Amino acid sequence: MSKSDFGLIGLAVMGQNLVLNVESRGFRVSVYNRTGSVTEAFLADGAKGRNIEGHADLKAFVESLATPRKIQIMVKAGGAVDAVIEQLLPLIDQGDLIIDGGNSLFTDTQRRSEYLEEKGILFIGAGVSGGEEGALKGPAIMPGGPMDSWKIIEPIFTAISAKVNGEACCRHMGAGGAGHYVKMIHNGIEYGDMQLICEAYNLFKAAGFTAEEQAAIFDEWNRGDLESYLIQITSKIFTIIDEETGEPIVERIMDRAGQKGTGRWTVLSATEMGSVISTINAAVEARILSSWKEDRVEAAPHLQGPTAFQSGLSKEELKQKVHDALFASKIISYAQGMNMLRAASEQYGWGLNMGDIASVWRGGCIIRAQFLNRIKEAYEGNPELKNLMLDDYFKGILNASQANWREVVALAVTNGIPVPAFSASLAYYDSYREERLPANLLQAQRDYFGAHTYERIDKPVGEFFHTEWPEVIE
Ligand code: 6PG
């Protein structure tokens, strides 16, 4: 029997669907799962009659692969990835390629790359996005690692990835942990997009829009400049009725958000690098606050706020204003994410290409959206673009939306409705366009208590001054 072109370890749903996808492009695939019964069930069901062979023994699995072997690991991020690598090492040969396709932390990927390089084993850390359906029909793939290792897997990954205008949503991102880093930022942006949509929903709900009306709004938005997978699924969510109660299912779902950690990693990395990703940060914190359900229920009767929602706007007017607030905030979130990618690229020497990243995110992944075409164009037109907000197209949208955006944030504040991501985005916008921020006072305070010195606006940059501030008498 001929040897397999590709091997995959870890047959959870994502793994199974990737295998089916690879096989459907004309490749022979071998699979292995730690719990053998999962492999058997897969062979008897989804993989039945297909060019897929399963193995209960890891050695037999490895031996079934054509060299250089291409083995993708799809197990839970963390220790499980290291464990599988250790099991493989005695069985594989120098020049074989291991691909980690899970949501691994990029520093783990960097560490594994170096470890495996010493042993002559090739390693690619690939971010894979698109959920179960994407894995089956075409995900977005963000591979990182040495170029010659990438070349070995490029034909298979290009074949299985989503396509937009005939272009594969899969490009080599950079060395080492670059692929997993880009996937991490993708997830951070995913958090931001989701939170912004939730804030729009919360305002609409307070203003008395029914689920049916919201389904129609999001459906309409999905046919305009907000067209995206997340807007589309949101519209569909509002149409589903709970069989037990007859209410829209969304109103029966517990308001306690889960998170696996990639959003939090994004915030940690931003803090470490001195990047500002206030929209994503607001989204991560909103999830955390939502998880304090019991505390919130306890606090609700004690802490006052406005009661009846008042806006003085028609539903049509509110819809348009919220649209503008959402679109403008989304632009800010991506501007922040792209700038963070650039900072990381400089710090880690990855040479990330912003246009390529936007291009890969256009299809297959969770944040896929029309608007990524515009981001791609913006960076292709000006690879040195300092901030997405300054691109002509995005600048136009922001300038045209800013009045409505402010009105929405003000309306939310007046009515006691939390809009942390809308308002964080607006504050970023207003801070970035401000020639003079109040940090002069902050510098004075630092100099007061710590003699940290300050620069003056009327003296050359880099010249530092100190004032003998009056003594504080307690
Ligand atoms: C994707 C998703 C995927 C996963 C998220 C969920 O791109 O396909 O991002 O990776 O669904 O990690 O993350 P949370 O559990 O943190 O929401």
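The sequence shown begins at 11 in this note's numbering and counts up by one.
A virtual CB, placed ideally from N, CA and C, is assigned to each residue, including glycine.
Treat the numbers as computed from the prediction; the structure is a model and nothing was measured.
The beta carbons of I207 and T244 sit about 5 Å from each other, so the pair counts as a contact at 8 Å. DSSP places D265 outside any beta strand (DSSP E), giving it a letter other than H or E.
The C-beta of S285 has 16 or more other C-beta atoms within 10 Å across all chains shown, which makes the residue buried. Checking the 7 Å criterion, the Cβ of N31 is out of range of every heavy atom belonging to the ligand 6PG. As DSSP reads the structure, E253 sits in no beta bridge.
Remark: C-beta atoms of S411 and A338 approach each other more closely than 8 Å. Counting the other Cβ atoms within 10 Å of the Cβ of V39 gives 16 or more, which makes it buried. For H333, the enclosing alpha helix (DSSP H) starts and ends at 325-358. Residue environment: E209 is assigned as buried (16 or more neighbouring CB atoms within 10 Å of its CB, all protein chains considered). Not one heavy atom of the ligand 6PG lies closer than 7 Å to the C-beta of K147. Taking C-beta separations shorter than 6 Å and ignoring five residues to either side along the sequence, the partners of I81 in its chain run G17, I108, following chain order.
Shortest Cα-Cα distance from V32 to any of E282, A169, K329 involves A169. Relative to the ligand 6PG, even the nearest heavy atom lies 7 Å or more away from the CB of K86. For E387, the closest C-alpha among the options I376, I377, I367, S324 is that of I367.
In the same chain as D265, and ignoring 5 residues on each side of it, the C-beta atoms closer than 8 Å to its own belong to S300, K303, in chain order.
Within the region 78-156, complete beta strand (DSSP E) segments of at least 3 residues are found at 80-83, 107-110, 132-139, 150-154, given in chain order. Proximity of the beta carbon of G198 to the ligand 6PG is not indicated: no heavy atom of the ligand is located closer than 7 Å.
Going by C-alpha positions, E223 is about 26 Å away from I407. M194 and T276 have their alpha carbons spaced roughly 6 Å apart. The beta carbon of A216 sits closer than 8 Å to those of F319, N425, I427, all from its chain and outside the five residues before and after it, given in chain order. Here the alpha carbon of F459 sits roughly 42 Å from the alpha carbon of L362. Distance between S159 and E465, taken at the CA atoms: about 50 Å. The Cβ neighbour count for R262, taken over all protein chains shown within 10 Å, is under 16; the residue is labelled exposed. Contact between S114 and V91 is confirmed by a C-beta separation of about 6 Å, below the 8 Å threshold.
Between S14 and E73, the C-beta spacing is not below 8 Å. Taken in chain order, the unbroken stretches of beta strand (DSSP E) that lie wholly in the region 16-51 and span 3 residues or more are 16-19, 39-42.
Counting only residues of its own chain and dropping the five nearest sequence neighbours on each side, K405 has a CB closer than 7 Å to the CB of M399. Assigned with DSSP and collapsed to three states, F228 falls in helix. Each of Q242, M283, R44 was checked against the Cα of D229, and the nearest Cα belongs to Q242. Between the region 162-179 and the region 196-203 there are fewer than three inter-stretch CB-CB distances shorter than 8 Å, so the stretches are not counted as touching. No heavy atom of the ligand 6PG is found nearer than 7 Å to the CB of S300. Judged by DSSP secondary structure, G186 falls outside any alpha helix (DSSP H); it is assigned neither H nor E. Comparing alpha carbon positions, the residue from I467, Q455, E473 closest to P480 is Q455. A buried status is given to D106, since no fewer than 16 other beta-carbon atoms sit within 10 Å of its beta-carbon. Distance from N43 to L21 at the Cβ level is roughly 4 Å; contact confirmed, criterion being Cβ atoms closer than 8 Å.
Secondary structure at K173: strand, using DSSP grouped into helix, strand and coil.
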